[in-house]
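Participant:
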Amino acid sequence: IGRILVTGAASGIGAQLCRRLREQGNEVIALDLKPLAGGIACDLSDPASIRRAVKDIGGELGGIAHVAGLPGTFSPMKVAAVNTVALRQLTSQLVDRMNPGGSIVVVSSITAHRCPWTVAEIRAVLAQDDNAILARLGALSGPDAYAASKCLANNWAASLSEELLSRGVRVNVVSPGPVETPILRDFEQSMGAARLRAAADIVGRHGRPDEIAALIAFLLSSDAAWVNGVNIACDGGFSNARTIEAQ
Ligand code: NAI
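33 is the number of the first residue of the sequence shown in the numbering used here; add one for each residue after it.
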């Protein structure tokens, strides 16, 4: 039970997460680009808007769920700003308000493995400042920018988990496969409907937003007190099936 910030709270996975966390008795601070009753309106692609939101959030936090994300149908710069740079900006401005036992969850994607960069390149990009990251991701195609933005998020979260060990704040990643939310229509455009259908054929269907929210809520809770620094695929077994196929 705690005070938990959820980004991307107006739709899909974020909306289901807010509902679930409130049912469990948590105080939820719902943040989204779309104004929400009682929530915080913030454009995560705009550093000034993030700074204003940080003021509005106020007080101590038990958890942060970075759920907001943009698909590869948006401009690569926007994708980079929301999916990667905003994570760093928001977290760095809020982490001092988190006490031991706090939990940060980053929603990534199983598509991160399609990142066109090597591990060394990813580390080099992450070592740069926000503007350089925006420029590097902004130079990619939409689908590559999406995959790379999520891959950078994974690597950033892994480093942060190590960095926050001394504070007792956990950081984990949830990587969904295709989930029935409005963003799925964008993925159909950017990745091709056939590829998404093929994924559903392997595991029987697409995921449901509440199935992803359930895992995020678990990772935010003290039930997951000994789970830290991991990236969990939540895809009905699709990644596993694909890996076995490739062997
Ligand atoms: P969604 O489109 O239903 O929700 C995304 C939310 O993020 C929306 O409420 C939107 O307003 C918010 N958002 C977008 N840009 C923003 C900005 N600049 N500032 C503040 N909020 C902004 O999509 P869904 O499925 O709930 O996505 C949640 C996360 O899950 C995303 O990070 C997405 O990349 C990831 N994901 C989703 C998959 C799917 O198939 N639905 C698959 C893999 C990952």
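Ideal placement from N, C-alpha and C gives every residue a C-beta, glycine not left out.
Name the residue from Ser222, Gly200 and Pro208 whose alpha carbon lies nearest to the alpha carbon of serine 254.
Facilitator: Gly200
Participant: May I ask you to list the residues that DSSP assigns as paired with serine 135?
Facilitator: Gly95 and Arg202
Participant: Taking only beta-carbon positions, decide if aspartate 78 is within less than 8 Å of chain D.
Facilitator: Looking for chain D here will not work: only one protein chain is present.
Participant: State the beta-bridge partners of glycine 239 as determined by DSSP.
Facilitator: Val211
Participant: So who's on the other strand from glutamate 59, going by DSSP bridges?
Facilitator: Arg35
Participant: Residue range of the alpha helix (DSSP H) that alanine 100 falls in?
Facilitator: Note, alanine 100: premise wrong, no alpha helix (DSSP H); not H, not E.
Participant: Cβ of serine 43 within 7 Å of any heavy atom in the ligand NAI?
Facilitator: yes
Participant: From Ala113, Val206 and Pro67, pick the residue whose C-alpha is nearest to that of alanine 97; which is it?
Facilitator: Of the candidates Ala113, Val206 and Pro67, the one whose C-alpha sits nearest the C-alpha of alanine 97 is Val206.
Participant: With distances taken between CB atoms, is the gap from proline 108 to glycine 174 smaller than 8 Å?
Facilitator: The Cβ atoms of proline 108 and glycine 174 sit closer than 8 Å to each other.
Participant: Flag serine 141 as yes when its Cβ comes closer than 7 Å to any non-hydrogen atom of the ligand NAI, and as no otherwise.
Facilitator: Within the cutoff, so yes.
Participant: Under a three-way DSSP split, which group does aspartate 64 fall into?
Facilitator: strand
Participant: Just tell me which of Ala231, Leu76, Arg54 and Gln125 has its CA closest to the CA of lysine 110.
Facilitator: Per the Cα distances, Leu76.
Participant: Return helix, strand or coil for alanine 73, following the three-state DSSP convention.
Facilitator: strand
Participant: Quick one: does the C-beta of glycine 70 sit closer than 7 Å to a heavy atom of the ligand NAI?
Facilitator: no
Participant: What number of angstroms, rounded off, separates the C-alpha of glycine 101 from the C-alpha of valine 117?
Facilitator: Cα to Cα, glycine 101 sits roughly 11 Å from valine 117.
Participant: Please report how far the alpha carbon of isoleucine 45 lies from the alpha carbon of glutamate 194, in whole angstroms.
Facilitator: 27 Å
Participant: Does DSSP classify asparagine 263 as helix, strand or coil?
Facilitator: strand
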